[in-house]
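S.K.:
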Amino acid sequence: MGVQRAPWLPLPPDWSLQSWVKGLDFSWKTVQEHGFVILGGLVQALAMRLFLVPAQLVSGGVSGAAQIINHFTQWPIGLMVFIGNVPLFILGWRYLGGMRFAWRTALAIVTFSFFTDFLVLFIPPQGVTQDLVLDCLYGGILLGIGLGMVYRGQGTSGGSDILGRILNHRLGISISQAYLITDTLVVLGGGFAFNWERALYGLLVIYVSGVAAEAVSEGSGVFRMALIVTNHPEAITQRIMSVLERGVTILPGTGGYTGAPRPVLYCVITRSEVNQLKELVREVDPRAFMVIGQAHDALGEGFRPLVQ
């Protein structure tokens, strides 16, 4: 009779070497993505050593918990980050989106842990500034850039990312709430370990790093989506295609009050083209209704290629 696995232990379906090899490929795109993950881990480690650790600013997650433990024990932060991520990685394996995603998450963890301790040999313990505001801003921005690069490489940074997925699947807590819970607990621990002023700055680090990570991983938000309800869809469509040289999709719609058919025009433009679009629509149909929203990225003809 074979050994049975406990039902609560989320092992992957296949732990064989063949499953690892199958999850890897060696295309140029894959090499680029692995490069993003490794470089992202290095940038995160620089943020820790240049700004966050010298200023005793805790940014949440396993790295923040490692900072607190290091304050009392002097154990290496990178080593503790690695050790803390191992059980989370094993428990959260099945929630990491497949072999390729899990492998890149492991690579991000190892890279960040290694560089966090390795850079001690080259960076002075006092960092580059004694100003808490500068440490908070530049540490958060640099940390977010590193996180965004890891995300662009199709990986996660481990720690809160994995724990958030576990809490989401096991307890039904949304991932955003799970991040808030785990990071808040770590920052509160930083307040007890250091002081509450630094804990408040730590919350700012989390916010700034999140904004920077989103900008790097999803784009800078320079694209806009426009929905236009008009009685002259053909005329506006022709003007958009001829003047702005942007594609337009005509969606079928029905007026809620009149019940009459009201075509809806949908197009994506850059931020600099918004005023041109408003003026163009106003000239054709001053009674048109328009909604303009922000898009993180635009892929396809006229924008960045979908296949790279």
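Count the sequence shown with UniProt numbering and you get residues 1 to 308, in order. From the three backbone atoms N, C-alpha and C, an ideal C-beta is built for every residue, glycine too. If you're wondering where the values come from, they're calculated on a predicted model, not measured in any experiment.
(1) So what does L293 bridge to, in DSSP terms?
(2) Hey, which unbroken runs of the alpha helix (DSSP H) at 4 residues or more fall wholly within the stretch 146–177?
(3) Looking only at C-alpha atoms, which of D161, D131, L200, K29 sits nearest to A106?
(4) Pick from P263, I250, R224: whose alpha carbon is nearest that of A298?
(5) So, at 8 Å on beta carbons, what are the nonlocal neighbours of D117 in its own chain, with the 5 sequence-adjacent residues on each side left out?
(6) Return yes when the Cβ of G153 is within less than 7 Å of the Cβ of E33, no when it is not.
(7) With distances taken from CA atoms, which of A47, A55, K278 is nearest Q130?
(8) Taking 7 Å as the threshold (C-beta atoms), are G253 and R239 in contact?
(9) Which value, in whole angstroms, describes the spacing of the CA atoms of A260 and A226?
(10) Just the Cα atoms here: how many angstroms apart are S16 and V86?
(11) From V43 to A212, what distance separates their C-alpha atoms?
(12) If I'm right that I228 touches V264 with Cβ under 8 Å, what's the distance once you round it to whole angstroms?
(13) Pull up the CB-CB distance for V216 and I145, whole angstroms please, since I reckon it's below 8 Å.
(14) I need the straight-line Cα distance from S103 to I90, nearest angstrom please.
(15) Spell out the partners DSSP gives V264 in its beta bridges.
(16) To the nearest angstrom, how far is the alpha carbon of G35 from that of G41?
(17) For a test of the three-state rule: what should DSSP assign to T270, helix, strand or coil?
(18) Is T105 helix, strand or coil by DSSP?
(19) Quick one: using the 10 Å Cβ neighbour count with 16 as the cut-off for buried, is E273 buried or exposed?
(20) According to DSSP, is Y257 part of a helix, a strand, or is it coil?
(21) Considering only C-alpha positions, which residue in the set I181, F101, Y201, H169 is nearest to S157?
(22) Could you say if the stretch 124–138 and the stretch 165–180 meet the contact criterion of at least three C-beta pairs nearer than 8 Å?
(23) Can you tell me whether L251 is buried or exposed? The criterion is at least 16 other CB atoms within 10 Å of its CB, across all chains shown.
M.R.: Put simply:
(1) Mapped onto the sequence shown, residue 293 falls at position 293. For clarity, residue 293 is Gly in the given sequence; the question names Leu instead. G293 is bridged to M225.
(2) 160–171
(3) For the purposes of this step, residue 106 is taken as the residue at position 106 of the sequence shown. Comparing Cα-Cα distances from A106 to each of D161, D131, L200, K29, the minimum goes to D161.
(4) For the purposes of this step, residue 298 is taken as residue 298 along the sequence shown, with counting starting at 1. For the residues P263, I250, R224, the minimum Cα distance to A298 belongs to R224.
(5) Looking up residue 117 in the sequence shown gives position 117. Once the five neighbours on either side are set aside, the close Cβ partners of D117 are P76, I77, G78, L79.
(6) Working through the sequence shown from its first residue, we reach residue 33 at position 33. Working through the sequence shown from its first residue, we reach residue 153 at position 153. It is a contact, given that the beta carbons lie within the stated cut-off.
(7) Working through the sequence shown from its first residue, we reach residue 130 at position 130. Nearest C-alpha to Q130: A55.
(8) For the purposes of this step, residue 239 is taken as the residue at position 239 of the sequence shown. For the purposes of this step, residue 253 is taken as the residue at position 253 of the sequence shown. It is not a contact, given that the beta carbons lie outside the stated cut-off.
(9) For this step, residue 260 is matched to residue 260 along the sequence shown. For this step, residue 226 is matched to residue 226 along the sequence shown. In a straight line, the C-alpha of A260 is about 22 Å away from that of A226.
(10) As a working mapping, residue 16 is identified with position 16 in the sequence shown. As a working mapping, residue 86 is identified with position 86 in the sequence shown. Low confidence applies to S16: its pLDDT is 48, below 50, so where it sits in the model is not reliable, and the reading given next is rough at best. Those two C-alpha atoms are separated by around 19 Å.
(11) Locating residue 43 in the sequence shown gives position 43, where the first residue counts as 1. Locating residue 212 in the sequence shown gives position 212, where the first residue counts as 1. So the alpha carbons of these two residues sit roughly 13 Å apart.
(12) Translated into the one-based positions of the sequence shown, residue 228 becomes position 228. Translated into the one-based positions of the sequence shown, residue 264 becomes position 264. Indeed they touch by this definition, with Cβ atoms about 7 Å apart.
(13) Reading the sequence shown from its first residue, position 216 is the one you call residue 216. Reading the sequence shown from its first residue, position 145 is the one you call residue 145. The Cβ separation is near 5 Å, so the contact holds.
(14) Mapped onto the sequence shown, residue 103 falls at position 103. Mapped onto the sequence shown, residue 90 falls at position 90. It should be noted that the sequence gives Trp, not Ser, for residue 103. Rounded to the nearest angstrom, the two C-alpha atoms are 12 Å apart.
(15) By 1-based counting over the sequence shown, the position of residue 264 is 264. In DSSP, V264 forms a bridge with V229, L251.
(16) Here residue 35 is taken as the residue at index 35 of the sequence shown, counted from 1. Here residue 41 is taken as the residue at index 41 of the sequence shown, counted from 1. Between G35 and G41, the C-alpha separation is close to 10 Å.
(17) By 1-based counting over the sequence shown, the position of residue 270 is 270. Of the three classes helix, strand and coil, the one that applies to T270 here is strand, per DSSP.
(18) As a working note, residue 105 is residue 105 in the sequence shown. Correct three-state label for T105: helix.
(19) Along the sequence shown, one-based indexing puts residue 273 at 273. By the neighbour-count rule (16 or more Cβ atoms within 10 Å), E273 is buried.
(20) Taking the sequence shown and counting its residues from 1, the one referred to as residue 257 is at position 257. If DSSP states are grouped into helix, strand and coil, Y257 belongs with coil.
(21) Within the sequence shown, residue 157 is the residue found at index 157, counting from 1. Minimum Cα distance to S157 is reached at F101.
(22) no
(23) Start at 1 with the first residue of the sequence shown, and residue 251 comes out as number 251. L251 is exposed by the Cβ-count criterion.
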